[in-house]
Amino acid sequence: MDPDERLEIAVADRIGQLTGGSRRIAWGFRCREMYTPASYRIDGPWGQKMQHRLFGAYHPDRYRAQDLHGAWFPDDIGLSLKDSGLNLYHLKMIEPKRRMARRDLYNRLDPDRRLQQIGYDYLADEAGMILEAVPAGRGYFPAHADDGGLWMADLSLDHQS
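Residue numbers (numbering that gives the first Met the number 0): 0 to 160.
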């Protein structure tokens, strides 16, 4: 988990079930990019995102991520990908300045779109935006409290003298 992510509260009731079976499963969570503390974006690629974040530990020498958007585990350890039916809430996108900074950062790290063909401009593009409220009983904890920070490298500092 990243510090700007929250699992839905229901994970607490299901964690034993998810971790009690086969250790050969990587459980996926629907990644909900929050645009307000209580709603997430569902149009276009936004409604399709899944992150497999719950899986058995492996020796760290086995894997080092080679790209920006890959799995968090080696693909040769035989994990079966399954959908937990639960949500992972990504809070970074709540603040518009973070959306733009995220776009700029990824455009700088992958200017030729080798790692993501659709590119990164969509991260700050609100055209056609459709938001869905977090359903009752599917909230996250702890609650979002914005500190006004950027939560990533500030590329605008590169242009200051």
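Glycine residues also receive a C-beta, built at the ideal position from the N, C-alpha and C atoms.
These numbers were taken from a predicted model, which means no experiment stands behind them.
Alpha-carbon spacing of residue i relative to residue j, whole angstroms
i, j, result
"TYR105", "ASP124", "14 Å"
"ARG101", "ASP82", "27 Å"
"PRO134", "ILE76", "35 Å"
"CYS30", "LYS48", "5 Å"
"GLN16", "MET151", "35 Å"
"HIS51", "SER155", "32 Å"
"SER160", "ASP103", "Residue placement at SER160 cannot be trusted, given a pLDDT of 49 that sits under 50; the coordinates are not used to answer."
"LEU90", "ASP60", "30 Å"
"GLY46", "MET128", "11 Å"
"GLY148", "ASP120", "21 Å"
"HIS58", "ALA126", "43 Å"
"ILE8", "PRO110", "37 Å"
"MET0", "ILE117", "25 Å"
"LEU114", "ASP12", "36 Å"
"LYS96", "PHE28", "26 Å"
Residue i vs residue j beta-carbon contact at 7 Å
i, j, result
"LEU87", "GLU32", "no"
"ALA132", "ALA37", "yes"
"LEU108", "ARG40", "no"
"SER79", "ILE24", "yes"
"LEU53", "TRP71", "no"
"LEU122", "ARG137", "no"
"TYR139", "MET92", "no"
"VAL10", "LEU85", "yes"
"GLY43", "ARG22", "no"
Residue i - containing beta strand (DSSP E), residue span
i, result
"ILE24", "24-35"
"ALA11", "Run containing ALA11: none in the beta strand (DSSP E); it sits in the alpha helix (DSSP H), 10-19."
"LYS81", "79-89"
"ALA132", "130-132"
Three-state class that DSSP yields for residue i in the structure shown
i, result
"SER38", "strand"
"SER155", "helix"
"TYR57", "coil"
"LEU6", "strand"
"SER160", "For SER160, the pLDDT reaches just 49, beneath the cut-off of 50, and the residue's location in the model is therefore unreliable, leaving the point undetermined."
"GLN47", "helix"
"TYR121", "helix"
Element boundaries [alpha helix (DSSP H), containing residue i]
i, result
"MET99", "95-108"
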